[in-house]
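Data block below; observations after.
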Amino acid sequence: MSFLAVAASATAWAGREKTGVLEKKKVDGKNVEVYSDTVYGYSLTTPDGWDFSLQKEEAPVRNALRVKMRMKDKQVPSQLWDAQNLVTNAQMYVFIVDVDWTPAMVRDSLASSQFKAEWQKPLVKYCDLLRDGQPLQSMDIRWENNWVGAGYSFRDSTRRRSPRVTASSPLCRRCCWVNSTCFPTRVTS
Amino acid sequence: MQEVLLGEFYVFPYKGHKLIVHLVSEREFLEDNRNVVKETLYQLGPLEP
Numbered sequence: 012m013s014f015l016a017v018a019a020s021a022t023a024w025a026g027r028e029k030t031g032v033l034e035k036k037k038v039d040g041k042n043v044e045v046y047s048d049t050v051y052g053y054s055l056t057t058p059d060g061w062d063f064s065l066q067k068e069e070a071p072v073r074n075a076l077r078v079k080m081r082m083k084d085k086q087v088p089s090q091l092w093d094a095q096n097l098v099t100n101a102q103m104y105v106f107i108v109d110v111d112w113t114p115a116m117v118r119d120s121l122a123s124s125q126f127k128a129e130w131q132k133p134l135v136k137y138c139d140l141l142r143d144g145q146p147l148q149s150m151d152i153r154w155e156n157n158w159v160g161a162g163y164s165f166r167d168s169t170r171r172r173s174p175r176v177t178a179s180s181p182l183c184r185r186c187c188w189v190n191s192t193c194f195p196t197r198v199t200s
Numbered sequence: 079m080q081e082v083l084l085g086e087f088y089v090f091p092y093k094g095h096k097l098i099v100h101l102v103s104e105r106e107f108l109e110d111n112r113n114v115v116k117e118t119l120y121q122l123g124p125l126e127p
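These protein sequence lines map, in sequence, to chains Y and S.
First residue of the first sequence: 12, per our numbering; consecutive thereafter.
First residue of the second sequence: 79, per our numbering; consecutive thereafter.
Structure follows, in structure tokens:
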């Protein structure tokens, strides 16, 4: 009985833990944040203009999403200058999963609509594009520093359809990207 | 319709696990943001082959 109580409290406590710690440091005269993962031991420094968002562990298992980074400012594409509310800040999600496959196999299974596995659930949960996007193309990645991996591109298949712009809509003055048929009617006023 | 929001994920072996980075970016800035991913991951040092 007491064992069960101890186990239950340990599980509840684990659920409140963060995946890592953030420290503010000064590097080359710049203020940066350094994320250190408490389980896997690696550290990452914030890219310039980005910030970290710590995640909570998900008792009784570790959270596969270790840390999330978000660009502080929006990068507004030229087509969207008049519709900045449609712009998403760039984001980076760092996951660690335990799966004994090659990177290419992981890539292909994530891009497959047929294959579903337990380890994919956290990725699908946090990444809208994996759930709603349309796969574009796979790639083998060979970067310097011995980085060899596998990647896959997705495009958003839902978000940019939503404005439902017609040729008479005010958005059409600049947002012809939404509906190519309105291009000839572009208004410059 | 022109799709402008893109996501990419990158999978690498890391200390017996798989490290997966998912990047979400506007298409126009994808290359810049891909470089940010690269520089961020390089902080982890060389990986297993």
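Built from N, CA and C at the ideal position, the CB exists for glycine as well.
Keep in mind the model is a prediction, meaning the values are calculated, not measured.
Please report whether the beta-carbon of residue i lies at a distance below 8 Å from any beta-carbon of chain Y.
i	result
Glu106(S)	yes
Glu117(S)	yes
Glu86(S)	yes
Looking only at DSSP bridge pairs, what is residue i linked to?
i	result
Ala161(Y)	Asp151(Y), Val89(S)
Thr144(Y)	This sequence places Gly at residue 144(Y); Thr is not what is there. Paired residues: none, contrary to the question.
Val102(S)	Gln102(Y), Gly85(S)
Glu44(Y)	Lys35(Y)
Lys96(S)	Val108(Y), Pro91(S)
Val78(Y)	Leu65(Y), Val105(Y)
Lys132(Y)	Note: Lys132(Y) sits in no beta bridge, so no partner.
Does residue i have its Cβ less than 8 Å from a Cβ in chain S?
i	result
Gln95(Y)	no
Gly31(Y)	no
Phe63(Y)	no
Arg73(Y)	no
Trp158(Y)	yes
Trp154(Y)	yes
Thr56(Y)	yes
Pro88(Y)	yes
Go ahead and label residue i buried or exposed: buried means 16 or more other beta carbons lie within 10 angstroms of its beta carbon, across all protein chains shown.
i	result
Val54(Y)	For clarity, residue 54(Y) is Ser in the given sequence; the question names Val instead. Counting Cβ neighbours within 10 Å, Ser54(Y) comes out exposed, since fewer than 16 surround it.
Arg27(Y)	exposed
Gly162(Y)	buried
What's the gap between the Cα of residue i and the Cα of residue j?
i	j	result
Leu134(Y)	Val105(Y)	10 Å
Ser123(Y)	Gln145(Y)	10 Å
Ser64(Y)	Met82(Y)	11 Å
Thr30(Y)	Phe126(Y)	28 Å
Thr113(Y)	Tyr120(S)	20 Å
Leu97(S)	Pro91(S)	6 Å
Trp130(Y)	Asp109(Y)	8 Å
Pro174(Y)	Asn111(S)	Unreliable placement is indicated for Pro174(Y), whose pLDDT of 46 sits below 50; no coordinate value is reported for it.
Asp111(Y)	Val159(Y)	16 Å
Met150(Y)	Lys67(Y)	31 Å
Tyr46(Y)	Asn74(Y)	16 Å
Ile152(Y)	Ala94(Y)	34 Å
Met80(Y)	Gln102(Y)	6 Å
Trp61(Y)	Ser120(Y)	30 Å
Hey, residue i and residue j are a contact pair by Cβ (cut 8 Å); roughly how many whole angstroms apart?
i	j	result
Pro58(Y)	Val114(S)	5 Å
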